[in-house]
Structures are given as C-alpha cells and as structure tokens.
Amino acid sequence: MSRHAYDIVIVGGGPIGAAAAIALQGSGLTVLVLEARADAGSTSDARTLAMSYGSRLILERLGIWSQIEPVTPIESIHVSQRGGFGRTLLRAAEAGLPELGYVVRYARLQQAFGGSLESEYTTLMAGAEVTGMESIADSVAIEFRTQEGLQSIAARLLVIADGGVNTSLRAGATVKVREYGQDAVVGLVETSQTHGCKAYERFTPDGPIALLPFENCYALVWTATPDIADRLMALPAADFLENLQRHFGDRAGRFISIEARARFPLSLRYAADPVLPRSVMLGNAAQALHPIAGQGFNLGLRDAWELGETLLLHAALDPGCDECLSGYQAMRRPDRLRGIALTHSLVKIFSNDFTFLRFTRGAALSLLDLVPPAKRAFMQRMIFGASR
C-alpha cells in the first residue's frame, strides 16, 4: 500500500467536484481528485442538465462557460396546473436578465470541466474507488483502490462530491430522507412547433411535467407515481405521446417523437450538517433534491464556488481547520436550508388534487402574475439563491 499527502482530496470528479477543484486553482494548495469512473470524460452520456443564469456567472468565473457553448437558453417559463385555474409566465426581462437559465448536454459540461481540471497543483486520478476514510488528528486518511492495488492518501481536508454514492464517507453524519413515492420519466421529445426558448412546468396531481427547450426539441421530465411510471416506460412511443398530450395539453404543439426514455426514483436526501471534522459534503452528497424547481445543480455549484472562496480567503490557514469549515458552513447555511425547504414544499403543495389546495395554487399563480415585485423577487431567488 502506497501513501502520499495532499492538502485537499476531492472524492468525485463530476461537475461539482471539478468546480471545487478549479475554484481552488491559484491558491497554492495541492489538490487530488479521485474519480471512480475510468472514463470520467466520456462523451456518451445522453443526459441533459438545466442551470440558472446565476450558475452561468459562476462557470464564467471558473473559465468553463465558453467551453460548453452553444447551449439552449431559457428566456421564459410558463407555469400552470392541470384541472384548475391559474397560470404565470416568468420572463427573463422581468428579472432584468438576458436569460433565466440554460439547458446543456451533461457530457459537454463534464468534458469542459475535465479539460480544465489538471494544473500545477491539481491532479485527477480516474478509476479510483474509495473504500474507506478515517480522521486522525490534523489529517484524514483516505483509502482507495485502483488497477495498481490498494492505496492510502493523507489530506488536511476531504471534500465529498460523489453524489452521495459512497455512504461510508458520510459515517457520523445525520442523513435525513423523505420518500416522495414518485419516479421521474425523462426523455427527449420533438413537437410540431419550435420551442422559442420557452420552458413549461405543468403541475398535475401525480407530479409536475416539465418541458425544457433543448436544441431542436424538448427535454422532458415527467414525474409520476411508480406504477404510472411503469406503464409509461412500457408503452409504445405512439401511446406514450398520446398520454403526454392528454396530460400536458397543446401549449407546446403536437408531440411527434420520444427518444432516450429513462426513469429514476425521486426522494429528498440531505445531511443535517454537511460539515464533519476535516471533511465537507458538496452537491448531491450534501443534499439530493426533487427536480421540481431545477435547483439541485445550481445549489451544488454554489456549494463548490463558496467553498473555494472561503478557502482562498483563509489561504494561510489549514484548509481543514474549524475556522475555515465553520466559515463555509455559516456562508452556505441560509441558501442551503431555504433551497431544501422550498423544493420540499413545492412537491407537497403541487403533487395532490385536494380542492382547497388546487384553488390556493391557482390563486397564488395568478397573484404572482399580478404583482411584478413579488414575481421579480421569486425569480431572483430561484436564479441566484437565498444568499444573494
């Protein structure tokens, strides 16, 4: 077993872990990124990812944005509910912004991060599966396995950004889970009319249906109960599109085709405290959210950026010391907790068919359209987070 030492070890070379590593470039801290996948920069991943205009600003500061263009902008979002009155249209101009957000290919984002990750003080090790960790006095020992065998690394700070896959890294953390009894059915749908950079969020009793403009089609996220998701996945394409048309309506035109259909279960999983002795959790490792408001990636990217800002501000200190980590924790706490609460509340309020709540939802959507300052404040909160 070989042993080396770094200032910081980041577990997870996805966009959040990579963003944290790039944010630390120029600090003089030595950083090792451990990525379990051997093909971390693979371009075969068909997933799409929605991000806010606020996330674009962070990616510009990291020097990544120009490498992921072209992207599909979201200039407006139409929000409505099935079987009830009330709707609102959120426009970028009303928030004083050129766009509300963007939809990108996950593979392109990953490739851009991978190309900027390694530097004089930053090393990426792909195909490294972490098997355990132990806090010891002023450092953390991380064990991982590669093709060369078992290795051990000592670091002053461990950053966990693996999406919450490795539960052993969160030993000692209180992790809270809320099961929603919902699955997301995703895919790419083509319609009879162009999207015009408009996104849609339509709330139904089973869960929301989101259409996000992506290249020449839409990225679909259809939230439903597991039994309905079973049926949707088993349907022939024509029957699937017929069901989608009936539930969504004709606002986006006629649905013509569906590709890359997949599904995954939905829940809320978050660490009550993402900071442990000499370790910190970022992104989905700290909080995995329901996709109802598209906040997961944006919240995780702010985690990564503000960790980098905190450690750069205290560059003369031990990056794993209590002062650094408590400073980061205080900075992130309002945004993180409000993001979790907002997403969870939206799921509970909009995923049912109670008459009173249906009326209240409709009134709230209509009122938002009638009170421009409230609408602007809501959009600013969704785009930049609670800490702005």
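Residue numbers are given in this note's numbering: position 21 of the sequence shown equals residue 278, and the series is strictly consecutive.
Beta carbons are placed, not taken as given, at the ideal position from N, Cα and C, and that holds for glycine.
Note that the structure is predicted; figures quoted are calculated from it, not measured.
Following the DSSP letters along the chain, one finds R318 inside the alpha helix (DSSP H) bounded by residues Y310 to R318. With fewer than 16 other beta carbons inside 10 angstroms of its own, Q450 counts as exposed.
For the pair A517 and L489, the Cα-to-Cα distance works out to about 13 Å. Remark: C-beta atoms of A364 and I640 do not approach each other more closely than 8 Å. Of the residues assessed, D496 falls on the exposed side of the cut-off, its CB having fewer than 16 other CB atoms within 10 angstroms.
Shortest Cα-Cα distance from L523 to any of R503, Y437, F512 and Y457 involves Y437.
Check the Cα spacing between S323 and each of T305, L281, F370 and L407: the tightest is with F370. Within the stretch 345-409, the complete alpha helix (DSSP H) runs of at least 4 residues fall at 363-374.
Per DSSP, E472 is not a residue of any alpha helix (DSSP H), being assigned neither H nor E. D484 sits in a helix when the DSSP states are folded into three classes. Taken through DSSP and simplified to helix, strand or coil, A275 comes out as helix. Residue pairing of K433 in beta bridges, as defined by DSSP: Y527.
No residue range can be given for T424, since it is assigned to no alpha helix (DSSP H) and is classified by DSSP as neither H nor E. In this structure, the CA atom of Y378 is about 43 Å from the CA atom of T480. Taking a cut-off of 8 Å on C-beta distances, the stretch 389-401 does not touch the stretch 503-512, as fewer than three cross pairs fall below it. Rounded to the nearest angstrom, the Cβ distance from L357 to E332 is 7 Å, consistent with a contact under 8 Å. The alpha carbon of R508 has as its nearest neighbour, out of E400, L558, Y475 and Y457, the alpha carbon of Y457.
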